[in-house]
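First up is the structure itself, then whatever we jot down about it.
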């Protein structure tokens, strides 16, 4: 079955977009329909339009697993970088849910055979942390309504996933553990059809009223679980608040990020008193008219908005790009492209490149690509910082 979605193509001016109706083919879009050059040519006409096309396609139902959205068929990173460093199961295979999760799901009237998002392990020292952002901080939900008392100051959680060609490259190179990284003799070079996702989630638990409120505000709801700081499984529902969508259409990769427009109602800053958490990097001027077009076209996605797109280190704008749910407190020094360009590993010292530029205890991340001379003695990881989750084989 071939699936198409209507799109609008045109060259973006400073304030408006010239619109011309066309169609975008979702079939085989993860491989750019076998035409990377043609896809890139179309992408260059309006990167923000293409970003929305991908977002729509990712949120369509998967043909083989009709109950799942396409992005939900991506391989969870925690099932690639296993805690014991072992070889992961094949791409389409999944680890069994912990028995505690299926039991609680059954007791709570959930679907124990359905998909569950694994939103991290909060026990001290766990390599599967799902709350600590790059700067070491976490994002809290609001202490005030509309967040109910039972959910106030809950921590926003995140989840990493990858596409099939990303997974296959990692498997072929045996870099799903630190042993593989330690044995690297050259820089990595992922295929053009490599994809990664990073999602952020509000924890709902079993509060049906809160779940209903979030659904009305356009949040996608999923079954989910996490391990709390005491080692107990928490099972319930979660709401999708943000999503990074990343692929290697360009050599610098394409960095796009979406989030729900209602996030400031539910998440807050670390200030005293806390203030609504907003996005200070966008939506960019280029994204605004495209958002309006697609939000009207797709009511089920209408509360999500594109913040912006980065894809070329030589493009001056946008210099900063962040998701308020994933780079909350350091949006002012957040550049997806520049930060991920630092992904590198020293096989001599078995350490990752220290991308924090402030070496005196502060936080300063690169907003422009660092010179190659900074990476002498490192193997470059081709922008894929998720490899930092790889563990030594035990």
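In mature numbering (1 follows the signal peptide of the UniProt record, and there is no 0), the protein residues as written are -20 to -1, 1 to 374. Even for Gly, the Cβ is constructed at its ideal location relative to N, Cα and C. Source: prediction; values computed, not measured.
Residue i vs residue j beta-carbon contact at 8 Å
| i | j | result |
| --- | --- | --- |
| residue 225 | residue 236 | yes |
| residue 286 | residue 271 | yes |
| residue 164 | residue 325 | yes |
| residue 126 | residue 245 | yes |
| residue 318 | residue 351 | no |
| residue 179 | residue 211 | no |
| residue 213 | residue 78 | yes |
| residue 135 | residue 119 | yes |
| residue 329 | residue 284 | no |
| residue 323 | residue 372 | no |
| residue 218 | residue 97 | yes |
| residue 175 | residue 300 | no |
| residue 151 | residue 54 | no |
Sequence-distant residues of its chain with Cβ nearer than 7 Å to residue i (five each side left out)
| i | result |
| --- | --- |
| residue 292 | 230, 232 |
| residue 32 | 270, 274, 286 |
| residue 263 | 271, 285, 286, 287, 288 |
| residue 57 | 140, 141, 142, 366, 369 |
| residue 191 | 184, 201, 217 |
| residue 86 | 92 |
| residue 103 | 207, 209, 211 |
Selected residue, minimal CA-CA separation from residue i, among the options
| i | options | result |
| --- | --- | --- |
| residue 49 | 220, 80, 149, 152 | 220 |
| residue 303 | 43, 354, 316 | 316 |
| residue 59 | 193, 142, 240, 182 | 142 |
| residue 84 | 140, 181, 207 | 207 |
| residue 334 | 314, 328, 355 | 355 |
| residue 82 | 138, 23, 215 | 215 |
| residue 327 | 305, 308, 358 | 358 |
| residue 195 | 174, 243, 254 | 243 |
| residue 289 | 266, 277, 276 | 266 |
| residue 268 | 3, 192, 29 | 29 |
| residue 261 | 252, 298, 255, 276 | 298 |
| residue 140 | 115, 111, 39 | 111 |
| residue 259 | 177, 193, 55, 305 | 305 |
| residue 344 | 51, 313, 181, 331 | 313 |
| residue 182 | 331, 27, 337, 198 | 198 |
| residue 438 | 254, 72, 36 | Here the chain has residues from -20 to 374 only, and residue 438 is not among them. |
| residue 116 | 308, 3, 70, 55 | 308 |
| residue 256 | 24, 186, 353, 121 | 121 |
| residue 101 | 188, 24, 137 | 137 |
Own chain partners of residue i with C-beta closer than 6 Å, once the 5 adjacent residues on each side are dropped
| i | result |
| --- | --- |
| residue 367 | 361 |
| residue 394 | No answer is possible for residue 394: the residues shown for the chain start at -20 and end at 374. |
| residue 38 | 50, 51 |
| residue 1 | Residue confidence for residue 1 is low, a pLDDT of 33 falling below 50, so the modelled location carries little weight and cannot support an answer. |
| residue 349 | 293, 318, 321 |
| residue 94 | 203 |
| residue 227 | 175, 234 |
Sequence-distant residues of its chain with Cβ nearer than 8 Å to residue i (five each side left out)
| i | result |
| --- | --- |
| residue 13 | 5, 7, 19 |
| residue 370 | 61, 65, 155, 156, 157, 158, 160, 161 |
| residue 331 | 325 |
| residue 337 | 344, 345, 346 |
Min CB distance residue i to chain B below 8 Å
| i | result |
| --- | --- |
| residue 263 | Looking at the structure shown, chain B is missing, and only one protein chain is on hand. |
Scan the segment 63 to 114 and note each continuous alpha helix (DSSP H) run of 4 residues or more that stays entirely inside, going in chain order.
The alpha helix (DSSP H) runs lying completely inside the segment 63 to 114 and spanning 4 residues or more are 79 to 87, given in chain order.
Contact between the segment 142 to 155 and the segment 170 to 177 (3+ Cβ pairs under 8 Å):
The segment 142 to 155 vs the segment 170 to 177: in contact.
Can you find at least 3 beta carbon pairs, one from the segment 52 to 70 and one from the segment 147 to 161, that sit closer than 8 Å?
These segments touch.
Three CB pairs or more closer than 8 Å across the segment 118 to 135 and the segment 31 to 51
Judged by Cβ distances under 8 Å, the segment 118 to 135 makes no contact with the segment 31 to 51, as fewer than three pairs qualify.
Taking three-plus beta-carbon pairs below 8 Å as touching, is the segment 89 to 100 in contact with the segment 200 to 212?
They touch, by the three-pair rule.
Only counting runs of 4 or more residues, tell me where the alpha helix (DSSP H) segments fall wholly within the segment 216 to 248, in order along the chain.
As far as the segment 216 to 248 is concerned, its whole alpha helix (DSSP H) runs of at least 4 residues are 243 to 246.
Which runs of the alpha helix (DSSP H) spanning at least 4 residues fall entirely within the segment 26 to 50, listed in chain order?
With a minimum length of 4 residues, the continuous alpha helix (DSSP H) runs that stay inside the segment 26 to 50 are 27 to 38.
Counting only runs that start and end within the segment 252 to 319, where is the alpha helix (DSSP H) found for 4 or more residues in a row?
Counting only runs of 4 or more, we get 267 to 277.
Fully enclosed by the segment 120 to 193, which alpha helix (DSSP H) runs are 4 residues long or longer?
Listed in chain order, the complete alpha helix (DSSP H) runs (minimum 4 residues) inside the segment 120 to 193 are 144 to 152, 158 to 162.
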